[in-house]
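Down below is the structure, laid out as C-alpha cells.
Number of protein chains: 2
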Amino acid sequence: MIHMSDELSERQQKILKLIVQEYVHTGRAVGSKALIDRYKLGVSPATVRNDMGILEDQAFLQHPHTSAGRVPTDSGYRYYVENLLGNPRVPMSEQIRIRHQFSQVEMQVAASMKLAAAVLAEASGNIALISPPRSIQETVRHFELISLRDHLILLILVTQSGTVHESFLHIDDPVDQETLSATSRQLNDEIRDMRHTEIQLQASRHESFSALVLEQIAALMQRTEQESTAELHSEGLERALRQPEFSHGGVAQQLLEVLRGGALLSVLLPQVRQKDDLRIFIGSENVSDELQSYGVIIARYGATSEVTGLLGILGPTRMPYDRSISTVRYVSHLLSDLLRHVHADEPEQ
Amino acid sequence: MIHMSDELSERQQKILKLIVQEYVHTGRAVGSKALIDRYKLGVSPATVRNDMGILEDQAFLQHPHTSAGRVPTDSGYRYYVENLLGNPRVPMSEQIRIRHQFSQVEMQVAASMKLAAAVLAEASGNIALISPPRSIQETVRHFELISLRDHLILLILVTQSGTVHESFLHIDDPVDQETLSATSRQLNDEIRDMRHTEIQLQASRHESFSALVLEQIAALMQRTEQESTAELHSEGLERALRQPEFSHGGVAQQLLEVLRGGALLSVLLPQVRQKDDLRIFIGSENVSDELQSYGVIIARYGATSEVTGLLGILGPTRMPYDRSISTVRYVSHLLSDLLRHVHADEPEQ
DNA sequence: AGTTAGCACTCTCGCATGATGAGTGCTAAT
DNA sequence: ATTAGCACTCATCATGCGAGAGTGCTAACT
C-alpha cells in the first residue's frame, strides 16, 4: 500500500526467481524460512516476507491459504519467463546427445517426428506435442497406380510436403499394369503441382478410367487437407502423470480429452503463424478453458514457409520453463534443417 | 464344510450370475439384501446368504471385509463366462449400425482399423486394442522409385499384406525418372514375392544403383518386420478412465505404461495363434504381473492364415464380458471379411 | 433336509475433535 | 530499511465415535 512502484528491486527479482525455481522443483508452496535455508540470501526471513508481500501486491505471488508459503501466479511465471530467464540455451552436452540421436534416424521424416517428440518429453518431463509437416496448399508431386488384383488398384500419391498417401480404387473392368503405368505417366505430367481443386477440374476433361483416377486423387487430397487440421500427436503422457498435479484422478482423464479432440490444435494453429515463431501461454493466458491450469510452449518449424508443422510442450503451469523453452527452440531448428534437406533444393546450412 | 459338492445348484448358479451382473453394473460389493430387492428370487436373504457362503467356499466369491457384500473372484468371472453366459451375440440393431459405419469407410484399411477400435471401445466402455494386419513373412508385391530431386529418391514399397512402406534413398549421382522407372520395372519382376532375406541375396547379384535399391528394400522390410511386433494401438482410454477402478491417480499412469511398451503385444501374441482364435484372460490368468487386475479379451482376425492382426478389449476384471466378447467376435469377423476382400482372390462371402 | 427369522457381531465410512507445525503479518526496536 | 519477537491462521493428521450395511450362527419351521 505504501510502496506502489511498478519496478521490482534487485532483491525482489531475485526472490521471485528463487521462488519460481524452488516451487517448480519441489511442487510445494515456498515460505520465507525455506528460502533462506536453501539459498544464501544475506537477509532475514522477515525481510524476505516483506518483499514477498510486495510481490503479492503486484500479483506475482499468491498464497493458497493464510498459513502456507507463496506460489507464483500466472503473471509471476510470465515475469519470470520474460525478465528473469535470459535466453536459455540447451547445454552443449545435451545438444550433442540430441544431434547424435537424430543422426541415427537419418532422413526418415516419420521417425524424426517421433524422436523429436521423445526428446521434448524427456527434456521437460511433460507432454510433447507435434503435428507433422504439411503444406498449406498441398500440390501433387507424383502418383503411382499399382494393380493389386482384378478390380482393385492401389493408388499412391506423393504431395509437395513429401507426404505419402494411399488409397484403394475399385474398378469394374480389369486394367493391366502396363496400361496403368502408361496412364499414370501421362497424367502425372498433366497434374504435377496442381491443387485438388484444379485436379477436380482436370478430371472433367477426361473420361472413364482417367477421370476416375483424377477424381480419386482430388478426393484424397481434399480429405487429408481437412484431416491435417486435426492431426496432433502427443508423447510422454505417462511420465507427465507422475507429477503431483496430475496424481488426482479426474485430471488424467481431462488431459486425455484435451489431447484427443482436434480442439487443441485448432486453438494453437492461429497463434503461431510464422515459421520459427515460438509462443508461450501460461495458465489463464490460454484461450481455451480446459488449459487454464496448464502451460503451453509452441513453435512452428518448417523447411520453407510453405511446408510447416507445430511442435511444443504441454504441462502444468508449474513446469521447468527454462529447459522447456530452450529445448523446443532447439528441436524446432533441428527439424527445420532436416526438412530443408529433404524438401528444398539448397543444401542444409 | 458339510457340503462339499463341486456342482453348483441351479439356484447357486443363478445367484452367481446375478452377483456378477450386479457387481459389473454398480461397481460395489453386493449383499444378500440388495440382491433380493432388485431381483425376484423366491427365497429369503438368509437362504441367499447360505448359498453365497457356499459360493465363497468354492472360491467364486470373496468379501473385501467382513461386513461388506460379495465380489466375484477371478474364478467367479471365469465360471460366469464359461457356464452362465451362453453364446452372446451382438444385438441385430447394433450389428446394422456397425455394418453401416463400416460401409462408410469402404475399403480403406487404415480407416477401418480406427473404426474397429472405436466400435470396440464404445461397446465395452473400455480400452480397445488393435494391431494392424501383417504377414508373418512379408513378401514384396510391388515397389516404385520416385525422384524427388537430385540425390534424393523416394522408395515406396507395397508388401503382401497390402501395407505401404516408404523410405528416402540418397544417391551420389543423379538418376532421372526414366531410368528409375526402367530400373524398377526390371527389378520388380525379379523380386516379386520374395522375402527380405532373399532380396538381400539378390542384391549381391547386382551392382551400384540396383544393388543399393534392393538393399534398401530388404532393410526396410526387415525393419518393419521387427516393428510390427511392437505395434499395438489403443483407443478409448479417456472413457475407460471414467470407471471407478481407474479414478485413483496412479492407476492411469500404470495403465498407460502397460499400453505403451511393446510388452503387452508380445505377451498376447503367442496366446492367439490361429485366425479366429478368441481368448479371455481374467485377472490372475494373465501371465504378466501388471495385468493382474485387468481382463483381456483378444482375437486374431485376418484374410488368410498368413495375413493377420490382433484385436481385443482391455478393461478392469469388472467388465461387461457379454457385450465385450460378442463385440470382439463380431468386429473381428467384419475385419476378416474386409481384408479378404482386399487381399485374397475369392470374393467376400 | 432345506429354508427362514432373529440377533449379536464386525468393519467401513463419515464426521467432529484436538494437537501439531509451518508460515504469516504486525509492531517495535535497531 | 532491516530485523526480532510474537500472536494468529489454517492445513494436516491422528483419534474417537455413531451409523449403517452385511454377515454368521442358532433355533425354529415346513
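Residue numbers (our numbering), protein chains in the order written: chain A, 1 to 349; chain B, 1001 to 1349. Backbone N, C-alpha and C fix where the C-beta goes; we use that ideal spot for every residue, glycine too.
Any C-beta of chain B under 8 Å from that of residue i
| i | result |
| --- | --- |
| residue 28/A | no |
| residue 278/A | no |
| residue 346/A | Unreliable placement is indicated for residue 346/A, whose pLDDT of 45 sits below 50; the coordinate value is still reported in the next sentence. No, residue 346/A does not count as interfacial toward chain B. |
| residue 196/A | no |
| residue 260/A | yes |
| residue 257/A | yes |
| residue 162/A | yes |
| residue 140/A | no |
| residue 307/A | no |
| residue 43/A | no |
| residue 349/A | Unreliable positioning characterises residue 349/A in this predicted model, as indicated by a pLDDT of 38, which lies under 50. A coordinate reading is not provided. |
| residue 48/A | no |
| residue 4/A | With a pLDDT of 44 at residue 4/A, under the threshold of 50, the modelled position of that residue is not reliable, and the figure given next carries that caveat. Residue 4/A does not count as touching chain B. |
For residue i, the first and last residue of its enclosing alpha helix (DSSP H)
| i | result |
| --- | --- |
| residue 79/A | 74-79 |
| residue 185/A | 177-191 |
| residue 1097/B | 1092-1105 |
| residue 171/A | Where residue 171/A is concerned, there is no enclosing alpha helix (DSSP H), given that its DSSP letter is neither H nor E. |
| residue 114/A | 109-124 |
Pair within 8 Å by beta-carbon distance, residue i and residue j
| i | j | result |
| --- | --- | --- |
| residue 304/A | residue 283/A | no |
| residue 162/A | residue 331/A | no |
| residue 1164/B | residue 156/A | yes |
| residue 1020/B | residue 1076/B | yes |
| residue 1203/B | residue 1211/B | yes |
| residue 1314/B | residue 1126/B | yes |
| residue 1048/B | residue 1055/B | no |
| residue 158/A | residue 143/A | yes |
| residue 128/A | residue 235/A | yes |
| residue 323/A | residue 310/A | no |
| residue 312/A | residue 339/A | no |
| residue 307/A | residue 78/A | no |
| residue 1120/B | residue 1105/B | no |
| residue 1225/B | residue 1166/B | no |
| residue 1268/B | residue 1298/B | yes |
Segment limits, beta strand (DSSP E) that includes residue i
| i | result |
| --- | --- |
| residue 234/A | 233-235 |
| residue 130/A | 127-130 |
| residue 158/A | 152-159 |
| residue 1146/B | 1140-1149 |
| residue 36/A | Unbroken run through residue 36/A is the alpha helix (DSSP H), 32-38; no beta strand (DSSP E). |
| residue 280/A | 278-282 |
Simplified DSSP state of residue i, which is helix, strand or coil
| i | result |
| --- | --- |
| residue 1308/B | strand |
| residue 1295/B | strand |
| residue 1135/B | strand |
| residue 301/A | strand |
| residue 1165/B | strand |
| residue 199/A | helix |
| residue 1008/B | coil |
| residue 1270/B | helix |
| residue 1062/B | strand |
| residue 320/A | coil |
| residue 43/A | coil |
| residue 1242/B | coil |
| residue 1028/B | coil |
| residue 20/A | helix |
| residue 314/A | strand |
| residue 205/A | coil |
Residue-chain proximity (residue i, chain A), Cβ-Cβ < 8 Å
| i | result |
| --- | --- |
| residue 1355/B | With chain B running from 1001 to 1349 in the structure shown, residue 1355/B is simply not present. |
| residue 1158/B | yes |
| residue 1342/B | yes |
Tell me which residues of the segment 231-254 of chain A have at least one Cβ-Cβ distance to chain B shorter than 8 Å, keeping chain order. 237, 238, 241, 242, 246, 247, 248, 249, 250, 252 and 253
If contact means a Cβ-Cβ distance below 9 Å, which residues of the segment 1104-1121 of chain B contact chain A? 1106, 1107, 1108, 1109 and 1110
Of all the residues that make up the segment 144-156 of chain A, which are near chain B by a beta-carbon distance shorter than 9 Å? 144, 146, 147, 148, 149, 150, 152, 154 and 156
Under 8 Å (Cβ pairs) to chain A, residues found in the segment 1186-1218 of chain B: none
Would you list, in chain order, the members of the segment 1053-1079 of chain B that have their beta-carbon closer than 8 Å to a beta-carbon of chain A? none
Cβ-based contacts, 8 Å cut-off: residues of the segment 1167-1180 of chain B near chain A: Within the segment 1167-1180 of chain B, the residues whose Cβ lies closer than 8 Å to some Cβ of chain A are 1167, 1168 and 1170, listed in chain order.
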